[in-house]
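Engineer:
2 protein chains.
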Amino acid sequence: MTRLDSAIRRLTAQRDLLDWATSRISPQGLVLELGLGNGRTYDHLRSRLPGREIYVFERSPAAHPDCIPPDPYLLVGDVFEALPRFIERFGSGCAALVHTDIGSGDEEANRQLARRLAPLLENLLQPGGLLLADRAFELACCKDISSETGVAEGRYFVYRR
Amino acid sequence: MTRLDSAIRRLTAQRDLLDWATSRISPQGLVLELGLGNGRTYDHLRSRLPGREIYVFERSPAAHPDCIPPDPYLLVGDVFEALPRFIERFGSGCAALVHTDIGSGDEEANRQLARRLAPLLENLLQPGGLLLADRAFELACCKDISSETGVAEGRYFVYRR
Ligand SMILES: C[S@@+](CC[C@H](N)C(=O)[O-])C[C@H]1O[C@@H](n2cnc3c(N)ncnc32)[C@H](O)[C@@H]1O
Ligand code: NI
Ligand code: NI
Chain U
1 MTRLDSAIRR LTAQRDLLDW ATSRISPQGL VLELGLGNGR TYDHLRSRLP
51 GREIYVFERS PAAHPDCIPP DPYLLVGDVF EALPRFIERF GSGCAALVHT
101 DIGSGDEEAN RQLARRLAPL LENLLQPGGL LLADRAFELA CCKDISSETG
151 VAEGRYFVYR R
Chain Y
1 MTRLDSAIRR LTAQRDLLDW ATSRISPQGL VLELGLGNGR TYDHLRSRLP
51 GREIYVFERS PAAHPDCIPP DPYLLVGDVF EALPRFIERF GSGCAALVHT
101 DIGSGDEEAN RQLARRLAPL LENLLQPGGL LLADRAFELA CCKDISSETG
151 VAEGRYFVYR R
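Going down the list, the sequences are from chains U and Y. According to the numbering used here, the first sequence holds residues 1 to 161 in order. According to the numbering used here, the second sequence holds residues 1 to 161 in order.
Have a look at this one:
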């Protein structure tokens, strides 16, 4: 498999999973996108969830201008500062769906990121809430339901609180 | 169509076209990749064309380490300096296949790039040689054969000298 094949597989898995999750999301609760990047998955989320409130967390926004969320929905800064403030504001269990894609090429850094993020994610998710992640997480009060989604194993990880 | 859909379409068109061209390439002649980027299309080209000489032109190499061409095949610098030297060295008509993907988001800059690049490309291509391009080119001695390739119209452009 070439890197071109692999990029196509990764983006296709991402799309399939966003489609899967947005068709199953509970009618109540906020949607969170961790990492705006170039705004592709945010654009997909908002097209699939018209009218839903989608909050985006990004350290250094650099997306295509069409894909920048309206002001109150873009939270600029490090997620480890922004998420605790967010939980204070909206309360534990405020989120119906969280998509996290803030990993880099550095596997050790990603592992540490996941460890630090895990308690915040558990705090955010409502019962039945879904987490989509670009890597595995250890979440005591969530169930790994990746295999229920039909997305190729190891490409993306899905948890239900 | 979301930006995620559109990215998948673009990469898929790129892969289909590289597969189309590499299965039709003439047995003689060099392969040129203008723009290494993250190395995805270079990786695909080399996997489809084992044993062929593939020259890559890149102003500022920043690809994944696995996707950096071996030293004599990576020509670092501006294509407008590197290509004339290349033609001096290997002669007119040295190339069987050229893939060019050096456009940016700036449409006016891309138009100018294409105008400056056109005479160099015509000079490089052997009779029957193929040009794959991320945008349209005006090439007096080439035929636009994009519609023969089956790739969605307007996604990619193909010319035969
Ligand atoms: C891979 S990109 C996201 C791509 C996006 N999902 C898409 O498909 O377009 C990761 C993004 O996460 C951001 N990021 C990484 N670590 C972060 C952190 N600790 N806090 C906030 N943003 C972060 C980076 O700046 C980058 O834009
Ligand atoms: Ni635009
Ligand atoms: Ni690697």
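Beta carbons are placed, not taken as given, at the ideal position from N, Cα and C, and that holds for glycine.
1. Leaving aside the five residues before and after Y:Y156 along the sequence, list all residues of the same chain whose C-beta is less than 6 Å from its C-beta, in chain order.
2. Tell me the DSSP secondary structure of U:A95 in three-state form.
3. Ends of the alpha helix (DSSP H) at U:P84?
4. Here's the rule: buried if 16 or more other CB atoms are within 10 angstroms of the residue's CB, otherwise exposed. What is U:R89?
5. Counting only the same chain and skipping the five closest in sequence on each side, list residues whose C-beta sits under 6 Å from that of Y:F57.
6. Can you look up Y:I54 in the DSSP assignment and give me helix, strand or coil?
7. U:A133 lies in the beta strand (DSSP E); which residues open and close that run?
8. Closer than 8 Å by beta-carbon distance: list the chain Y residues that pair up with U:L4, in chain order.
9. What residues from chain Y crowd round U:S47, counting only those whose CB sits closer than 8 Å?
10. With a threshold of 8 Å on Cβ separation, who are the neighbours of Y:N38 within its own chain once the five nearest residues in sequence on each side are excluded?
11. In whole angstroms, give me the CA-to-CA distance for U:Y42 and Y:R3.
12. For the beta strand (DSSP E) holding Y:L74, just list the boundary residues, first then last.
13. Just to confirm before moving on: does the CB-CB distance between U:I162 and U:P69 stay below 8 Å?
14. Per the DSSP calculation, Y:R160 is bridged to which residue(s)?
15. Once DSSP output is grouped into helix, strand and coil, what is the label at Y:E107?
16. Beta-carbon of U:I8 versus every beta-carbon of chain Y: anything under 8 Å?
17. Could you tell me whether any non-hydrogen atom of ligand 1 is closer than 7 Å to the CB of U:F57?
Structural biologist: If we stick to the structure as given:
1. A13 and L17
2. strand
3. V79 to F90
4. exposed
5. L34, L75, V79 and A82
6. strand
7. In this chain, the beta strand (DSSP E) harbouring U:A133 covers L125 to A133.
8. L11, Q14, R15, L18, R40, T41, D43 and H44
9. T2
10. A62, A63, H64 and C67
11. 9 Å
12. L74 to V76 is the span of the beta strand (DSSP E), which, as asked, contains Y:L74.
13. In the structure as shown, chain U begins at 1 and stops at 161. Residue 162 of chain U is therefore absent and cannot be evaluated.
14. Y:L130 and Y:K143.
15. helix
16. With 8 Å as the cut-off, U:I8 counts as an interface residue toward chain Y.
17. Checking every heavy atom of ligand 1 against the Cβ of U:F57, one is found closer than 7 Å.
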